[in-house]
Amino acid sequence: MRSQRSPGAVVVLGLTTFICAFHTTTAIDIPLEVEQLPTITAQSPSSLIAFPFDESFPMTCEAKGNPEPEFRWMKNGQEFDPFLDPRLMKEENSGTFVIPNNGNLTEYQGTYRCYASNKLGTAISKEIEFIVPHVPKFPKETLDPVVVEEGQPFTLKCEPPKGIPPLQIYWMTINLQHIEQDERVSMGLNGDLYFSHAVEKDSRRDYCCFAAFPRIRTIVQKTAMSVIVKTKKSDMSPETANAILDRRPSLLTPSGVRSETQLVKGEDLKLECIAEGFPTPQVEWVKIGHELPIKAKLESHGKLLIVPRVEQEDSGKYMCKAKNALGEAIHYFTVTVEEPPEWVFEPESQLRMIGSEVLIKCSASGTPQPTITWRVNGVPLQEAPAANRKVFGDTITLHNAQASDSAVYQCEASNRHGSLLSNANIMIMDLPPMILTKEGRDYSAIEGKGVIMHCKVFSSPPSTITWSRDDSSESVEGPRFAVHDNGSLEIYSVEKDDTGQYTCYAKNTEGSSAIDAMLYVKDPTRIAVAPEDLKILIGTTAQLSCLAEYDKSFSNDFELLWEKDDMEIALNYTENSRYFVEDGILQIINVSHRDQGVYTCVARTPVDQAIASALLMVLDVPDAPENLVLSEHKSKSVKLKWIPGDDHNSSTTEFIIEYEESQWEPGNWKELLRVPGNHGSAILKLHGHVDYRFRLSAVNAVGRGPRSEPTERYKTPPSAPDKNPENIKIEGHLPHEMDINWEPLLPIEHNGPGLEYKVSYRRQDLEEDWKEHIVKRHSFVVKNTPTFVPYEIKIQARNHQGWGPEPKIVTGYSGEDFPSAAPDDVAVEVMNSSMVKVSWMRVHKDKLHGHLGGYRINWWRLRSLADSKKSHGEKHTLMFPGDRNHATVPGITPFSEYSLIVMTFNGRGNGPGSHPVNFKTPEGVPEKNPVFRVTDVQKHTVSLVWAPPLEPNGILTGYFLEYQLINDTEEVGPLQTVDISNPDTTKWILRDLEPVSKYKFYLRSCTTVGCGPVVSEECTTTLEGSKSASPSPPSTPKSPVTKPTRSTIGLASIHGGISTQGWFIGLMCAIALLTLIVLIACFVNRNKGGKYSVKEKEDLHPDVESQGMNDDTFCEYSDNDEKPLKGSQHSLSREIKAGDSGDSLVDYGDEDAQFNEDGSFIGEYAGRKEKRVSAEIKATIQTPA
């Protein structure tokens, strides 16, 4: 018995626990090691049908027992030995045999019963009926035509053959067309076809009854029947011809007034009343004394009442009433619901002690009441008498039962609807405890969880079972321990201290037995790092992490598995595998939509497991929308509906609708509209006379999805244009013309054939009518216009359907002409040595003859103030856009005389120049010296030679020379200075220098304003005895200091004395003389033909007709060489590199530079034609001693 426990109570589990020797089931669980009666374990169903399409038919009979049972069969009450028939297939140690479907099966038809016997008794099976169905056939017969007068009832008999139910009957024609059934024509439950009255259309020769037997897959057809309906066409008047006489109803089926129906509980009750009469009678149903069952239903136009799955309460009297205007017909049905046998008390198998009283009870219910038949070991009870056995009603008693009374008792309950059979094994025995659980079994339990240790015992009488621990005689006890009825010990919420050896002890009056078991308590398995929900882009690699902790004793038995949607993921690690697991991380390569789902990490040991799950969502562009439908078709619009595709876990943000038309650009899809992602339809605005079709794509955060299938085409009717041309431009390239250009309508915007444009224009400053012209192109030239007068213009589109909307009026001007006046009162203010400010009086607008573009300043250098000879310099130009009266001109050469003119310009070109204004600039600092060389290097002295600056920018006052020791270290020596006050000096000797030391020299030219940019040179003094050294290469002030090497010094020593040789001095003098002659020839050639008066005249009176300008050239500056102007003070000091030219600032050309509105310089310019300088300098000036 189960010990009763309450919360907090301590129960000693050494209390007696019994195993029941008999159970409430029909079988007792006796181990096969114990001698026992046979028990049927498997048998065939009570009805076995030999369907012709089955290959074989097993007759099953299996049983268990000790000793092992032997089998025998009875057929139709006679012994039947399957082993005597070689056609039957048998199995060893089994009662089953198989009847093959390879011949005549009729001889095997009958009722079979299996007997399983051993020395203790016999068990029997239920009766098994083997049915061999015959192929149903309609008899071959010749049927006379059914002749019936119009209006009379008649019946066509089917009389289907017998066969395996269910039976299905159909009435059809030869062409397998169903005979139409209605209130007048209907088929009865017996298959006959009833006509309540005949009409002329009933005449036909092919009424066929088909009987279908679906279980044997057979359909048979009865011979076709003919029906001839005789019409009443006789000598009657036309009014009465073909008339059917009314008559009251009568029943075609069932016959009589009353009938009885019996059926079994659970079957469907079907009652029918088919009546004849004219007009066709209507049928009503009632249950006398009761309402019709709720589940009842009417079919066949009310003629058939069906009550499905009848119960006892559905019994009673039912009535059908067929009636028409002339009367009614009634039939009563007495319905009786009977039942097959059902057990009230099924006999139970029992295990009892020797000498006990045994009661075997068997009772059953049913309608009619079942008959109870008792057998013992398969033999009727009366044929096997026993002195201690009595029968009292439904109970058998065994007094002082002995082991010899062990037997199988059979109880069979039968009525006409079926039978029940039960085998009850009655075992009478005394047996000491037999522990069926294996000795020394190990159990592992998880701390905090429960564990059950088994101790299955079989004995008679029942045993007392106790559990103890670690060889202790004390029974385990406490609220966490419980011994169950089957002997198992359960420990709740296991603790580490529960580890140890446990003993199960079983004892009864016949003896005792015990087994040991070992319990180990393990640490629980848990997920330390669980996978997290993940959203992953399709085609990428997903990673799910899972780390688990578990008892280290399971190191060889622990496994970490992954499941997807509760199905384990197979990891085969082949090249095609997309799943990889390493260090608890599941990698899914090339993620696809089918990878979406719930992934579960399973950490499993032999005794427990822990799981953690994560949802993997695959992100992708949306699927293409589906089911695109066009509706609400209108001339300029249509409604498009669609069903969005799967958004693949990223909400659709918008839909992109595209169109394609078949006339202008067939096959070219263009975007038409975008709608929000929560819409499923859109109104599309369309153009006229276009054959459209549409498609759709969806966009989400991942990107744009594929396009849908296109819709069917929709062609809009032609209509007048919806719009007029845009971007109208009015230009005047010639003084007496006005060019009108516009952006033409797109082909799709034509809205129909025959597109034209109406150009209308009129003077804005005069009251005059519109002048109109119709053109097909998108430009028009108005000729013979006054110069630069305002016009109003409008352009309207039209096609064959009509005019577009009223156009907008735009204003423009006719062609421009050159300005006819120059600015007056031009004045120049010198701001510094390189910049002047120019002012003037504005030109009157009437003299502009166009839109004012701005003002243009041309200037050129007349001479340097250091040289009295004039040399007309190159002309420079700056343009200043807008209406202004002053500007600033930068980049002027200091200490020079200049001439300057100002002119205005418009879209046509430049106007005449103003009277020239001359001005002079003050002194500035000189340019850097073009030549600076070391010519002689001794142990303590260095000779330096230089050339004066090409542009002194003033009166040269002298030179500023600096030098310092630089050597091979990072540190440099102090800077020494020499102030050379004679401007004619071009050579200098530095003395008292350190031998074999590297020096750097710096030279600048000076005026009264200051000194110019520096030029530098390096060299190394020589060893003792050296005559001279080669100078270092020239460098700029920013050149890095280079440390000389020993080989460099040595090389200087070897060649140091060349410069003192006579032949070398003579050679250098010849080269210098030759260079001087070449320079003089170049200078004469350059000035030959340079007539200043002509050049000056050209600047004073420019050819305005040849100076056409473009609007885009405003605020530009350039000169002949297009060299950039440096805007900083450093660039104005004019560092000259080798190869640069050295003339004035700019040329005479009309090239432009850009300035701000206030005249400040915003562009760059260049144009210095630097004079070439010989690399050799005459050093005629003696240096100081």
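This note's numbering numbers the first residue of the sequence shown as 1 and each following residue consecutively.
From the three backbone atoms N, C-alpha and C, an ideal C-beta is built for every residue, glycine too.
Nearest to F932 by C-alpha distance, out of S943, P922 and Q938, is S943. Nearest to F130 by alpha-carbon distance, out of T60, Y813, I465 and P952, is T60.
Between P249 and the set S196, T231 and T904, the nearest pair of CA atoms involves S196. Separation of the CB atoms of S512 and N425 is rounded to 27 Å, and the pair is thereby denied contact status at 8 Å.
At a cut-off of 3 residues, the continuous stretches assigned as beta strand (DSSP E) that sit fully inside the stretch 929-955 are 932-937 and 942-946. Residue ranges of uninterrupted beta strand (DSSP E) with 3 or more members, entirely inside the stretch 829-905 and ordered along the chain, are 835-841, 852-864, 876-881 and 886-889.
The distance from the Cβ of K522 to that of S553 is about 6 Å, consistent with a contact at the 8 Å cut-off.
Taking C-beta atoms as the reference points, P916 and I901 count as a pair closer than 8 Å. The continuous beta strand (DSSP E) containing Y332 extends over residues G327 to F345. By the 16-neighbour rule on beta-carbons within 10 angstroms, C1069 is exposed.
The shortest C-alpha to C-alpha distance from L755 to any of P725, E768 and R763 is the one to P725. The C-beta of N104 has fewer than 16 other C-beta atoms within 10 Å across all chains shown, which makes the residue exposed. Distances from the alpha-carbon of L848 to those of S255, F818, H872 and D867 put F818 closest. The three-state secondary structure of E626, taken from DSSP, is strand. DSSP, read as helix, strand or coil, puts C158 in coil. Apart from sequence neighbours up to five positions away, the residues of its chain that approach V185 with a beta-carbon distance below 6 Å are F195, ordered along the chain.
In the three-state reduction of the DSSP assignment, A212 falls in the strand class, which pools E and B. In the structure shown, P717 adopts coil according to DSSP, grouped into three states. Taking C-beta atoms as the reference points, H484 and E490 count as a pair closer than 8 Å. Closest in C-alpha terms to A797, from the list G645, P823, S760 and D979, comes S760. When rounded, the separation of the alpha-carbon atoms in P744 and H778 is 6 Å.
In this structure, DSSP gives L189 a state outside helix and strand, which the three-state scheme calls coil. About 18 Å separates the beta carbon of Y898 from that of F880, a gap too long to meet the 8 Å contact definition. Assignment of beta-bridge partners to T371 by DSSP yields S414. H940 sits exposed, since fewer than 16 C-beta atoms from the chains shown fall within 10 Å of its C-beta. With 16 or more other Cβ atoms inside 10 Å of its own Cβ, S864 counts as buried. Of I740, I354 and K928, the smallest CA-CA separation from P461 is found for I354.
Ranked by how close their Cα comes to the Cα of R526, the residues G954, A387 and E559 have E559 in first place. Distance check between K729 and each of D739, E299 and E768 places D739 closest, using alpha-carbon atoms only. Where S468 is concerned, the enclosing beta strand (DSSP E) starts and stops at T464 to R469. Between the stretch 355-374 and the stretch 409-418, the count of C-beta pairs closer than 8 Å reaches three or more; the two stretches touch. Taking each of V629, G705, E632 and L640 in turn and checking the Cα distance to D646, the smallest one comes out for G705.
In summary, A275 is buried, with 16 or more beta-carbon neighbours lying within 10 Å of its beta-carbon over all protein chains present. Taking C-beta separations shorter than 8 Å and ignoring five residues to either side along the sequence, the partners of Y207 in its chain run L156, W171, T173, I179, L193, A224, M225, S226 and V227, following chain order. Taking C-alpha positions only, K920 is separated from W859 by approximately 12 Å.
For D620, the number of other beta carbons within 10 angstroms of its own is at least 16, and it is reported as buried.
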